[in-house]
Amino acid sequence: AEVMDDDETMDAVDGMTYDGRLPDKCDDGEWLSIYEDLRIFKIAGMKYRGNLSAYVGKFRGTLVPEPKNEYDPFAIMVKVEDGKHIGYIQEEQTRIVRWLVGAEQQLGENEPTNFKPYRVTGWIDEKEDGDGKKVYDGNVYVRKKKDE
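When we follow our numbering, the leftmost residue of the sequence shown carries the number 229, and every step to the right adds one.
Take a look at the structure:
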């Protein structure tokens with residue numbers, strides 16, 4: 229399956245308008261594979277980022293490694309285009325993301341490898357929890373870096 233420009237890919241994924249053959253959905257851990265070289269990852273920790281209502285809907289952003297993170301040297305921040313930190317890649321998914329962006333050749337490496345900020349697109353939803361408080365849920369779409 230061909231992966232298109234980021235905006236077109238997001239529209240195709242969100243609106244189910246992609247008319248090419250899709251590979252079977254795979255479950256490699258907890259991440260979704262919809263296209264052969266596109267993965268969708270849930271954004272973790274959004275509840276700690278304050279009011280994100282200005283970012284609801286489609287967004288462009290970057291993945292940024294955070295090797296000095298006190299909890300996880302493999303941590304990868306998700307930032308929107310204006311630089312606001314909106315969350316993280318889930319801890320159990322960071323090695324897969326690092327592989328997708330070309331930072332690690334093998335998923336089994338023990339030392340985190342830094343990478344340049346990697347451009348992504350994503351989607352943020354605003355919902356209400358059981359107490360009527362606003363909560364945010366989001367995903368980022370990560371295309372596998374093409375081998376050079």
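Idealized CB from N, CA, C, for every residue including glycine. As the structure is a prediction and not an experimental result, all values here were calculated from the model.
So, residue i versus residue j, is the Cβ gap smaller than 9 Å?
{"i": "D357", "j": "G366", "result": "no"}
{"i": "G273", "j": "W351", "result": "no"}
{"i": "T290", "j": "V348", "result": "yes"}
{"i": "V206", "j": "I317", "result": "Coverage of the chain is limited to positions 229 through 376, which leaves residue 206 absent and any answer about it impossible."}
{"i": "I314", "j": "Y346", "result": "no"}
List the endpoints of the continuous beta strand (DSSP E) containing residue i.
{"i": "V370", "result": "362–371"}
{"i": "L280", "result": "L280 -> no beta strand (DSSP E), and no H or E assigned at all."}
{"i": "Y316", "result": "313–317"}
{"i": "K270", "result": "266–272"}
Taking the alpha helix (DSSP H) that residue i falls in, what are its first and last residues?
{"i": "V348", "result": "Taken as a continuous stretch (DSSP letters only), V348 belongs to no alpha helix (DSSP H), being part of the beta strand (DSSP E) at 346–356."}
{"i": "V306", "result": "Careful: V306 lies outside any alpha helix (DSSP H), inside the beta strand (DSSP E) at 304–308."}
{"i": "V325", "result": "322–328"}
Please report the Cβ distance between residue i and residue j, rounded to the nearest whole angstrom; I am assuming they are in contact, meaning their Cβ atoms lie under 8 Å.
{"i": "K296", "j": "V363", "result": "With a Cβ gap of about 28 Å, K296 and V363 do not count as contacting."}
message = Measuring CB atoms only, is the segment 277–286 touching the segment 316–325, in the sense that at least three cross pairs come out at less than 8 Å?
response = no
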